[in-house]
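One structure is given here, and the rest of the page talks about it.
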Amino acid sequence: MLILAMKEGHDGGVVAIEDGKLLFALEAEKDNFPRYDRLTAEVITRGLGLLDRQPDVVALGGWMKGFSLANPPSRTGYFGVGEGSASDEEGRLFGKKVRYFSSTHERSHIYSSLGMAPPIPGQEYYALVWEGHIGSFYRVNTKGEATHLEQVMSDPGSKYAYLFALADPTHPGGAVFRFNDAGKQMALTGFADDAPITRHERKTIEHILKQERVFSSLSKADMSWSHVYNKGVESQEYKNIAKRLSDAIFQAFHDYAEKNLTEGLPLLISGGCGLNCDWNRMWRESGLFESVFVPPCPNDSGSALGTAIDAQWYYTGQASIEWSVYAGEEFAEDVQPDPATYLVRPLIVGEVAECIERGDIIGWARGRYELGPRALGNRSILAAPFTEETTVRLNRIKRREGYRPIAPITLESDAPKWFTGSVVDPYMLYFNHVTSDDLKAITHVDGTARTQTVTRDRNPGIVHLLEAFRDRTGFSVLCNTSLNNNGRGFINRTSDLIAYGEKHDLDGYVINNSFVTPRRPRTGQPAHSS
Numbered sequence: 029m030l031i032l033a034m035k036e037g038h039d040g041g042v043v044a045i046e047d048g049k050l051l052f053a054l055e056a057e058k059d060n061f062p063r064y065d066r067l068t069a070e071v072i073t074r075g076l077g078l079l080d081r082q083p084d085v086v087a088l089g090g091w092m093k094g095f096s097l098a099n100p101p102s103r104t105g106y107f108g109v110g111e112g113s114a115s116d117e118e119g120r121l122f123g124k125k126v127r128y129f130s131s132t133h134e135r136s137h138i139y140s141s142l143g144m145a146p147p148i149p150g151q152e153y154y155a156l157v158w159e160g161h162i163g164s165f166y167r168v169n170t171k172g173e174a175t176h177l178e179q180v181m182s183d184p185g186s187k188y189a190y191l192f193a194l195a196d197p198t199h200p201g202g203a204v205f206r207f208n209d210a211g212k213q214m215a216l217t218g219f220a221d222d223a224p225i226t227r228h229e230r231k232t233i234e235h236i237l238k239q240e241r242v243f244s245s246l247s248k249a250d251m252s253w254s255h256v257y258n259k260g261v262e263s264q265e266y267k268n269i270a271k272r273l274s275d276a277i278f279q280a281f282h283d284y285a286e287k288n289l290t291e292g293l294p295l296l297i298s299g300g301c302g303l304n305c306d307w308n309r310m311w312r313e314s315g316l317f318e319s320v321f322v323p324p325c326p327n328d329s330g331s332a333l334g335t336a337i338d339a340q341w342y343y344t345g346q347a348s349i350e351w352s353v354y355a356g357e358e359f360a361e362d363v364q365p366d367p368a369t370y371l372v373r374p375l376i377v378g379e380v381a382e383c384i385e386r387g388d389i390i391g392w393a394r395g396r397y398e399l400g401p402r403a404l405g406n407r408s409i410l411a412a413p414f415t416e417e418t419t420v421r422l423n424r425i426k427r428r429e430g431y432r433p434i435a436p437i438t439l440e441s442d443a444p445k446w447f448t449g450s451v452v453d454p455y456m457l458y459f460n461h462v463t464s465d466d467l468k469a470i471t472h473v474d475g476t477a478r479t480q481t482v483t484r485d486r487n488p489g490i491v492h493l494l495e496a497f498r499d500r501t502g503f504s505v506l507c508n509t510s511l512n513n514n515g516r517g518f519i520n521r522t523s524d525l526i527a528y529g530e531k532h533d534l535d536g537y538v539i540n541n542s543f544v545t546p547r548r549p550r551t552g553q554p555a556h557s558s
């Protein structure tokens, strides 16, 4: 059975699964399109171009006919897991019969985590979906049927992000939700003082949490009484309350789980809050569950895949799929670097490691791009992990705020040398503590890092580079941040990569199996000879 699935709305995507194997997962933002882009004709046609026959099923994720929940539902709509949350009808595609399947957005999150989790026949699960609008636990039985248990909190992701908008004087006010606010706030919680919650903090937090739909029911001006209203997101008052709000949201869900989810079943986590590494770490360390699984695309970037998995389960009774995180398109070599400007030679990882050791910053683009929002070694900017100056330069290249940390990538076999805590983390979803004072570029202010661990099976190319860097320096760790323009998805073609590097002064590029460096040296660096 060949299933083609599409997700409308922000973080749009196109996915294909055939006989239980993921063929591809394309995202509208990738290839230098705007972040969180809606489904476009471009990505639809590229997905169709990767198929060699008509699909048996077209699966369309439920959404709404507009930009807010106030609009009528599209197909099965946004909410629900019970009766009416999935539909199946006969239709036509290219003049031939096809099944049209749809299921709710809520189900897309549940089934993305269920289908991508390591398969355990006959296993029951607890599932948690927490995102902008949904904050609920579920039980998934041995057949893969999901039952809603309890809504712990509405709008947990939006309530989390609302505080950033409240403190940010540049926020325009009104019902304006900015998708990147939550990630910035996660970084800023690391700067909080270790002190008891204050009366002012408690009042603000309780007022936010009691709202049903925070951005639609509570304008920013309604909270002008708060002590952090337009205070500035780099003020200590804001950093402190950001951590207190984060703890309060997590505690509400933890309290429910501790009281009601008492069988110790494995926990599946999905929804945009699944990108909060601190919360993931606390779930893993809570002791409430046999195991915790978070897919690499827990936010809406995984919703098309979740709908495809739901369709597979609906028609076959099997939810589990075979997948790789590197399921996007191949890197497109649409132009050749100008030989008068660039030296191009076959990739030798030892040469790249030498350049990185001396301080070069390299754009690394090999193979198919990653599922989800995080660079996992195929669309990365790589640098040595040793100095704070490197962090400053990388954030300047990325046009990011100086408080944003830089993540490390490391060999999984060596990770316990450099980190403690949740050290096995293929998808950069947990915080852990850095053990070496030498790794200044990847150590956040609170001593943590969001580490990705790699093995030869998952990504042999990046493993070879890490081994070569270890041979030269003794450290199998590199800075790893995503290869993208600010506000856009991963770069996926040579023309965009060269333009990016020339604009931001990158020192070289790995393009599939070639190493490309400027013939004119960067300031203070030796020239490369041909």
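Basically our numbering = 1-based index in the sequence shown + 28. Beta carbons are placed, not taken as given, at the ideal position from N, Cα and C, and that holds for glycine. Predicted model only: the values in this text are computed from it and were never measured.
- Scanning Leu32, Glu385, Asn460 and Gly41 for the CA closest to the CA of Asp47 turns up Leu32.
- Following the DSSP letters along the chain, one finds Tyr370 inside the beta strand (DSSP E) bounded by residues Tyr370 to Pro374.
- DSSP places Phe447 inside the beta strand (DSSP E), whose first and last residues are Phe447 to Gly449.
- In the pairwise beta carbon analysis, the segment 218-233 is classified as not touching the segment 150-166: fewer than three pairs are separated by under 8 Å.
- In the DSSP assignment, the residues bridged to Met92 are Pro101.
- For Cys301, the secondary structure class from DSSP, reduced to helix, strand or coil, is helix.
- As computed with DSSP, Asn308 is found in no beta bridge at all.
- For the 9 Å CB-CB criterion, Asp338 and Ala56 do not form a contact.
- The C-beta separation of Phe61 from Arg516 comes to about 6 Å, placing the pair in contact by the 8 Å criterion.
- Cβ contact annotation for Arg272 (same chain, cutoff 7 Å, sequence separation greater than five): Ile225, Glu229 and Ile233, in chain order.
- In this structure, DSSP gives Thr509 an extended state, which the three-state scheme calls strand.
- For Ser542, no alpha helix (DSSP H) run applies; the uninterrupted beta strand (DSSP E) run containing it begins and ends at Ser542 to Pro546, by DSSP.
- Contact between the segment 447-465 and the segment 302-312 is present, with at least three C-beta pairs closer than 8 Å.
- In this structure, the beta-carbon distance from Tyr354 to Asn406 falls below 9 Å.
- Membership of His461 in the beta strand (DSSP E) is indicated by the continuous run Phe459 to Val462.
- Excluding sequence positions up to five before and after Glu118, its CB lies within less than 7 Å of the CB of Lys125 and Arg127, all in the same chain and listed in chain order.
- Rounded to the nearest whole angstrom, the CA to CA distance from Asn208 to Ala189 is 9 Å.
- Unbroken beta strand (DSSP E) runs of no fewer than 3 residues, entirely contained in the segment 170-236, are found at 174-179, following chain order.
- Residue range Ala114 to Leu121 is occupied by the beta strand (DSSP E) that includes Asp116.
- Membership of Phe129 in the beta strand (DSSP E) is indicated by the continuous run Lys124 to Ser131.
- Proximity of the segment 315-334 to the segment 480-488 falls short of the contact definition, fewer than three beta-carbon pairs being nearer than 8 Å.
- Taking C-beta atoms as the reference points, Phe165 and Phe205 fail to come closer than 9 Å.
- In the three-state scheme derived from DSSP, where H, G and I count as helix and E and B as strand, Tyr106 is classed as coil.
- Within a 10 Å sphere around the beta-carbon of Glu240 sit fewer than 16 other beta-carbons, which makes this residue exposed.
- Our two residues, Val256 and Lys238, have alpha carbons roughly 18 Å apart in a direct line.
- Nearest in C-alpha terms to Gly37, of all of Tyr106, Glu313, Ala53 and Val86, is Tyr106.
- The alpha-carbon separation between Ile409 and Tyr455 amounts to approximately 16 Å.
- Counting along the chain, the unbroken beta strand (DSSP E) around Val538 starts and ends at Gly536 to Ile539.
- Under the DSSP assignment, Pro488 falls in the alpha helix (DSSP H) whose first and last residues are Pro488 to Thr501.
- Note on Val261: 16 or more other CB atoms within 10 angstroms of its CB, so buried under the neighbour-count rule.
- Sequence-distant partners of Val180 (beyond 5 residues in either direction) whose C-beta falls short of 7 Å from its own C-beta, in its chain, are Gly163, Ser164, Phe165, Ala280, Phe281 and Tyr284.
- Residue range Ser331 to Thr344 is occupied by the alpha helix (DSSP H) that includes Thr344.
- By DSSP's assignment, Ile390 forms a beta bridge with Leu410 and Gly536.
- Arg478: member of the beta strand (DSSP E) spanning Thr476 to Arg478, first to last residue.
- Distance from the Cα of Leu422 is smallest, within the candidate group Asn513, Val482, Arg227 and Leu457, for Asn513.
- Counting other Cβ atoms within 10 Å of its Cβ, Arg373 stays below 16 and is therefore classed as exposed.
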